[in-house]
Amino acid sequence: MAEHDLMEKLVSLAKRRGYVFQSSEIYGGTGSVWDYGPLGVELKRNVKEAWWRTMVHERDDIEGLDAAILMHPRVWEASGHVANFTDPLVECKNCHRRYRVDILLAETGAAELDAARCLACGKTGTWTEPRQFNLMFKTFIGPVEEESSVVYLRPETAQGIYVNFLNVQTTARQRVPFGIAQIGKAFRNEITPGNFTFRTREFEQMEMQFFVEPGSDAEWFERWRESRLNWMRDVVGLASNRLRYHPHEKLAHYASAAGDIEFFFGGTIGDEGWGEIEGIHNRTDFDLGRHQEYSGKRLEYIDPGTQKRYLPYIIETSAGADRVTLAVLADAYREEEVEGETRVVLGIKPSLAPLKVGVFPLVKKDGMPERATAIHEELRRQGIPSFYDEAGAIGRRYRRQDEAGTPFGITIDGETTEKGTVTVRDRDTMQQERIAEDRIVEYVRERVK
Ligand code: ATP
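The numbering of the sequence shown is my numbering, which starts it at -1 and goes up by one.
Below, the structure written as C-alpha cells:
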C-alpha cells in the first residue's frame, strides 16, 4: 500500500467502524476538528490511562493535576504567548488560501517561498509578505465584550502546572526533584490544520513538568527523553523502526535543550512523513521566573536539608493524546490477502484495544445465543469490554472485529453445550484454540495485560 493512501484509508475505516467522525458533519463538517465515536473514545481513553498509570500511579515523585482551561490573562503575558506564540502566515494572492510558511515549504518541497506552489490553485510564487499570526483563541469573561474582559483558551496545559507549582509541592509534601502531570484540552487557531487528527484546532495534551535543581537538568533531560521514547515503544506498542528522536536545531525562547519524539506517518505529515508526537524540553527557570516576576509572588523552592532557596529548572514532556492515538491507528492498520480476499486488520496492542473480545454464537439456534449472551455478560461484569454479534456468517463477524481491532473472538458452538468448551480466535494469527468456558475470563485477562 502506498503510504500516501494510508491517511485516506484510515479516515474511511475510522468513520466506518466508529472511531472518528468529522465534527458537525451534518452541516458540512469542519476540516479542523474531529469527534471520537464509540471505539475512538475508548482507544483514546486507554492511551491516556496508560500515560497516567506510567507517569502518576506508578511513581512516588509525580503528582496529578487538573487545572482550568480559562486562566488569568496575565498568565499568557508572563508565559510569552501573547508576544511570541505566532506562526508566519502567507496568503496566495490568486485564490486567497492561507498557509503557515514552514508547513507550505515542507508540503511542496520548495526551498523558498518564491518557489512554492499554492496547493489550492496551483499558482507559483504569488504570495503576500509573511506576517506573524497569534494562534491563541480569544474570548470574553462576563457579559461585556471589552479588552479588560478578554481571556484566552489555553494553547497548552503547562501553564496551569507552573502557577500551581507551590500549591502542589507543599500540599503533597514533595521535594525537588518531582513532577506534576496533567491531561487536558488545548486550543490553537492553526493556520493550516489538516492530516486528519494530526493537526487540529482543539486537541488534548498529556503534559508532565519535572522540577529539578539547576545543574541536574541536563541529566534529567536525558532520562526523560529515553523513558518517553521507551514508553511509546513498550507501552503504546509503536514499531521501533517508525519511532525516532529528533533534536531541535532552533530552540524556543524558553528552552536550553529540546527535541521531538517522532513517528513515521508517511504522506505529507511533518518532515518526509515523520511527525512530532511528543516534545521534550529543558525550559530552564524561564517559566517560574516569569510568573514570579509578573505575579509578584515568590515561587522559590526551599531545600529542607540545606535551606538553599532557588527556582527549579523544568524538564517538560509534552505529548498529544490525539497524535499518539493516530499513531496507534496508523501503526496498526494493515491489509492482507486471505483466501483471495483482502482482510483489513487493526493490529492494536490488546491492552489498548477498545474492545477486547467479540462473542459469537455459531448459529442462532440450539441454545447458542443464550449461552453466548451469558458469556458476554459475564465478561462485561468482570470489566472486560466485549461485543456480542449474532448477525451474518461467522467469517463476516470475524472480519468486522478484525477491522475494529478486537484481539479475540470467542465462538460458541455445538461442543460448548456438550463439553463446556469454546473456540478462541486470535485476530493477528487467525489461529483458533479450544478452551474451557470457565477459563475465558482468566485467558483474556492474561493476554490483554
Ligand atoms: P507542531 O510543530 O507540529 O505545530 P508544536 O511543536 O507546536 O507542534 P508542542 O507545542 O510541542 O507542539 O505541543 C506538544 C504536543 O502537543 C505535540 O507533540 C503534539 O502531539 C500536540 N499538538 C500540538 N499542536 C497540535 C495540534 N494542532 N493538533 C494536535 N496535536 C497537537
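Quick reminder that beta carbons are idealized off the backbone N, C-alpha and C, glycines included.
- Lys46 and Cys90 do not touch by the CB rule: their CB atoms are close to 38 Å apart, not below 8 Å.
- No heavy atom of the ligand ATP is found nearer than 8 Å to the CB of Pro36.
- Using a Cβ distance threshold of 9 Å, Gln157 and Lys183 do not count as a contacting pair.
- Between the beta-carbon of Ala325 and that of Ile275 there is about 6 Å, and that keeps the pair under the 8 Å contact cut.
- Taken from the Cβ of Ser77, every heavy atom of the ligand ATP lies 8 Å or farther away.
- When Ile278, Leu297 and Gly277 are compared, the shortest CA-CA separation from Asp285 is found for Leu297.
- Judged by DSSP in its simplified three-state form, Lys136 adopts strand.
- Annotation for Gln429: Arg423 place their beta carbon closer than 8 Å to its own, counting only its chain and skipping 5 residues before and after.
- Three or more Cβ pairs closer than 8 Å define a contact, and the segment 363 to 380 falls short of that threshold against the segment 297 to 317.
- Distance from the C-beta of Phe135 to the nearest heavy atom of the ligand ATP is not below 8 Å.
- Distance from the Cα of Asp411 is smallest, within the candidate group Gln130, Ala402, Thr421 and Arg199, for Thr421.
- Counting C-beta pairs with one atom in each stretch, the segment 78 to 88 and the segment 133 to 151 have three or more that are closer than 8 Å, which means they touch.
- By the Cβ-count criterion, Cys119 is exposed, with fewer than 16 other Cβ atoms from all chains shown falling within 10 Å of its own Cβ.
- A straight line joining the alpha-carbon of Gly192 with that of Asp320 spans about 13 Å.
- Looking only at Glu217, Trp218 and Thr266, the smallest Cα-Cα distance to Arg197 is reached by Thr266.
- Taking the C-beta atoms as reference points, Gln399 is found no nearer than 9 Å to Leu350.
- If you draw a straight line from the Cα of Arg72 to the Cα of Arg395, it comes to about 56 Å.
- When C-beta atoms of the segment 255 to 262 are compared with those of the segment 277 to 284, three or more pairs fall below 8 Å, so the two segments count as touching.
- Contact between Asp33 and Val18 holds, since their C-beta atoms are separated by about 7 Å, short of 8 Å.
- DSSP links Asp58 through a beta bridge to no other residue.
- Here the segment 46 to 58 does not lie against the segment 142 to 158, with fewer than 3 beta-carbon pairs under 8 Å apart.
- The closest heavy atom of the ligand ATP lies less than 8 Å from the beta carbon of Thr195.
- Assigned with DSSP and collapsed to three states, Val420 falls in strand.
- Its Cα nearest to that of Thr126, the residue Arg98 stands out among Val149, Arg98 and Arg432.
- A distance criterion of 8 Å places the beta-carbon of Gln203 in contact range of the ligand ATP, judged by its closest non-hydrogen atom.
- Distance check between Leu37 and each of Val342, Asp436, Ile159 and Phe385 places Phe385 closest, using alpha-carbon atoms only.
- In this chain, the alpha helix (DSSP H) harbouring Gly393 covers Ile392 to Ala402.
- In this structure, Thr190 places its C-beta atom within 9 Å of the C-beta atom of Ile101.
- Exclusion of the five residues before and after Val234 leaves Val45, Ala48, Val322, Ala325, Val326, Lys347 and Leu350 as the residues of its chain whose Cβ lies within less than 8 Å of its Cβ.
- Cβ atoms of Arg425 and Val343 come within 8 Å of each other, at about 7 Å.
- Under the DSSP definition of a beta bridge, Pro86 partners with Gln130.
- If you compare the alpha carbons of Gln290, Trp222, Glu105 and Cys93 with that of Tyr160, the shortest gap goes to Gln290.
- Going by beta carbons, Gly177 and Ile300 fall outside the 9 Å limit.
- For the pair Phe201 and Arg221, the CB atoms are not nearer than the 9 Å cut-off.
- Collapsing the DSSP output to three states places Tyr386 in a strand.
- Residues Lys354, Val355, Leu377, Ile382 and Phe406 of the same chain have their beta carbon placed closer than 8 Å to that of Val442, with the five preceding and five following residues left out of the count.
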